[in-house]
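K.L.:
There are 2 protein chains.
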Amino acid sequence: MYSVQVFVKRRKSILDPQGKAVEQGARLLGYSGITDVRVNKQIDFTVNTEDEQEARSVANDFCSKLLANPVMEEFQIHLQKL
Amino acid sequence: MYSVQVFVKRRKSILDPQGKAVEQGARLLGYSGITDVRVNKQIDFTVNTEDEQEARSVANDFCSKLLANPVMEEFQIHLQKL
Chain A
9 MYSVQVFVKR RKSILDPQGK AVEQGARLLG YSGITDVRVN KQIDFTVNTE DEQEARSVAN
69 DFCSKLLANP VMEEFQIHLQ KL
Chain B
9 MYSVQVFVKR RKSILDPQGK AVEQGARLLG YSGITDVRVN KQIDFTVNTE DEQEARSVAN
69 DFCSKLLANP VMEEFQIHLQ KL
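If you're matching them up, the sequences are chains A and B in order. The working numbering numbers the first residue of the first sequence as 9 and each following residue consecutively. The working numbering numbers the first residue of the second sequence as 9 and each following residue consecutively.
(1) Could you pull the start and end residues of the beta strand (DSSP E) that residue 56/B belongs to?
(2) If you draw a straight line from the alpha carbon of residue 45/B to that of residue 36/B, how long is it in whole angstroms?
(3) Less than 8 Å between the CB atoms is what I'm expecting for residue 48/B and residue 50/A, so what's the real figure, rounded?
(4) Just checking: is the beta-carbon of residue 49/B within a distance shorter than 8 Å of some beta-carbon in chain A?
(5) Looking only at DSSP bridge pairs, what is residue 49/B linked to?
(6) For residue 29/A, does the count of other Cβ atoms within 10 angstroms reach 16, so buried, or fall short, so exposed?
(7) My assumption, with CB atoms under 8 Å, is that residue 73/A sits in contact with residue 10/A. Please give the rounded CB distance.
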């Protein structure tokens with residue numbers, strides 16, 4: 009079994025409205041030093057296979073099909089054997 | 009300036025409906041080996057200070073007040089000097 013960590017981020021060139029809202033929230037709370045806020049997703053799951061290549065390929069497929077929108081987002085995958 | 013990475017996760021004992029939905033999506037797409045899906049948040053921001061202690065304390069305060077709900081979620085903070 010492999011434990012998979014996926015980090016999904018909007019591409020740098022794409023505006024992040026959720027991050028902008030958090031930044032405004034920070035300003036309203038008085039944290040004027042907080043800037044460049046980006047809100048990303050981090051998804052953890054387990055892939056039930058003993059083959060690292062297969063686990064990576066399943067995770068990669070799954071990310072492109074369901075977890076990330078490749079037009080706007082990029083993703084990184086970290087595998088760890090359980 | 010410090011670059012701050014915050015990882016916000018639901019506590020293990022708390023159900024993650026978004027993760028369950030993704031797991032069901034995986035099953036519908038034919039990925040039966042994918043289980044234990046948890047969807048977390050990862051927030052990046054910059055704190056405009058040269059003092060590491062201050063950066064950590066600002067990030068910590070900001071997380072408890074705005075980014076995480078301490079009743080249901082726990083968070084981890086990683087600092088990096090820019």
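No residue lacks a Cβ here, since even glycine has one placed at the ideal position from N, Cα and C.
P.N.:
So, from the data block:
(1) Where residue 56/B is concerned, there is no enclosing beta strand (DSSP E), given that its DSSP letter is neither H nor E.
(2) Rounded to whole angstroms, residue 45/B to residue 36/B spans 14 Å at the Cα level.
(3) 4 Å
(4) Chain A contact via Cβ: present.
(5) Note: residue 49/B sits in a beta bridge opposite 49/A, 16/B.
(6) exposed
(7) With 8 Å as the limit, residue 73/A and residue 10/A do not qualify as a contact, their Cβ atoms being about 18 Å apart.
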